[in-house]
Amino acid sequence: SADRAMHSAKRKGKNRFELYNQLEHGSDAVDLALENDLHKAMERGEFSLHYQPLLHLRTNQIIGVEALIRWNHPKRGFISPATFIPLAEETGLIVAISQWVMEAACHQLKELQRYYPKMKMNINLSTSCFLQHELIDNLERVISCTNIDPRYLEIELTESTLMPNAAFAIERLVQIKKRQIKIAIDDFGTGFSSLSYLHRFPIDTLKIDKSFIRHLSSYRGEAAIVKAIIDMGRSLNVTVVAEGVETEKQYKFLKDYGCDCVQGYYISKPLPFDELLPFLHEWKAE
Ligand code: C2E
Ligand code: CA
Ligand code: CA
Ligand code: CA
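One point on numbering: in the numbering used here, the residue at position 34 of the sequence shown is 26, and numbering is uninterrupted.
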């Protein structure tokens, strides 16, 4: 496949540096090889879920986890979802992958709730899955098969999923909310066009994008934005979660300013399921 990439790059008149970049991210030939592997990944059991804890600041309790997919490729090792989710979207494989994610996450939530009955589970949903006609049926089926209480399930959607057709999105969100499932807006603040629409969406949670958290201590502008989002969340009566919290400074800022929850390496990286329970037990004991 590297040869094919080389040829296609030559055809396109790329230099060495560009070729290297292409091989790293998204050259046509590599995408093609990956796409073939992606088709087989499910039956070969190469996907797994890691779980990143969400800390509620006021009570210092872990109140939920976010499911994040991992692909352990037989030759290339772990491939980031940032690489293969867009590919899965393009090829339509995302529908089957999401179905698997939902089932696996709900099963593991059931397991978690044997020890932590109020633990929540957050699941990311890509655009095509949100738009998919069968979405509600699929959600209902997974919930009834696993027998979980839908109130502990939260779907994460980005503004870019919701905005292109806000009227349709609102209708769909209402259907989801009727099933008592919660809704979070992910990467909030990166698609600021939606501010004027925000109050029309029946949402439960805003997740502040990690790009604003990263510079929290060095740039005053970021602090102003984060404060504004927290204030807005308060006035809209939604839960505000800061993601990508890596330092004590960031943590303290968010806690002092009354952000509801934080998520990030400062608390824990995403963990495989067998490390999650020990983490939760230890957190509770401290
Ligand atoms: P996201 O939903 O915004 O997830 C947060 C990402 O930030 C995750 O990357 C997580 O590992 C990473 N992260 C967590 N804490 C920190 C931190 O303190 N600092 C930094 N720099 N990063 C942190 P990951 O797991 O590589 O996932 C990337 C994206 O792939 C996700 O972004 C989400 O959009 C997508 N994704 C992951 N799992 C799924 C899935 O099951 N379905 C769909 N549709 N998309 C998924
Ligand atoms: Ca997310
Ligand atoms: Ca996010
Ligand atoms: Ca994202």
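We put the CB at the ideal spot given by N, CA and C, even for glycine.
Owing to the predicted nature of the structure, the values given are computational and were not obtained by experimental measurement.
Which residues DSSP lists as bridging residue i, in chain order
| i | result |
| --- | --- |
| D178 | T150 |
| A59 | Y43, I115 |
| A53 | One detail in the question is off: residue 53 reads as Gln in this sequence, not Ala. H48. |
Residue i (DSSP reduced to helix, strand or coil)
| i | result |
| --- | --- |
| K67 | coil |
| P270 | helix |
| Q255 | coil |
| I200 | strand |
| K261 | coil |
| T231 | strand |
| I128 | helix |
| Q167 | helix |
| H207 | coil |
| G145 | Note that residue 145 is Leu in the sequence shown, not Gly. In this structure, L145 counts as strand in the three-state DSSP scheme. |
| I217 | helix |
| Y189 | coil |
| P156 | helix |
| N139 | coil |
| R36 | coil |
| G225 | helix |
| K110 | coil |
| S120 | helix |
| I77 | helix |
| I89 | helix |
| Q295 | Residue coverage of the chain in this structure runs from -7 to 278, which leaves residue 295 outside it and unanswerable. |
| E278 | coil |
| V237 | coil |
| I195 | coil |
Distance cut-off 7 Å: residue i Cβ against heavy atoms of ligand 3
| i | result |
| --- | --- |
| E82 | no |
| D201 | yes |
| E235 | yes |
Close Cβ partners of residue i (< 8 Å) along its chain, the five nearest in sequence each way excluded
| i | result |
| --- | --- |
| V87 | S120, C121, Q124 |
| V230 | I195, D196, T197, L198 |
| L263 | H42, Y43, Q44, P45, F271 |
| E81 | S118, T119, S120 |
Cut-off 7 Å between Cβ atoms - residues of its own chain near residue i, not counting five sequence neighbours on either side
| i | result |
| --- | --- |
| G250 | I222 |
| I217 | G181, F204 |
| Q91 | N130 |
| K112 | I55, G56, Y144, E146 |
Ligand 2 heavy atom lying under 7 Å from the CB of residue i
| i | result |
| --- | --- |
| D178 | yes |
| E58 | yes |
| E148 | yes |
Residue i CB to nearest heavy atom of ligand 1 below 7 Å
| i | result |
| --- | --- |
| N116 | yes |
| Y257 | yes |
| L73 | One point to set straight first is that residue 73 is Pro, not Leu, in the sequence displayed. Yes, the Cβ of P73 comes within 7 Å of a heavy atom of ligand 1. |
| V93 | yes |
| I173 | no |
| P262 | yes |
| E238 | yes |
Beta-carbon contacts of residue i that lie in its chain and below 6 Å, excluding the five residues immediately before and after
| i | result |
| --- | --- |
| I128 | Q167 |
| T150 | D178, D179 |
| A158 | Y189 |
| Y257 | E238 |
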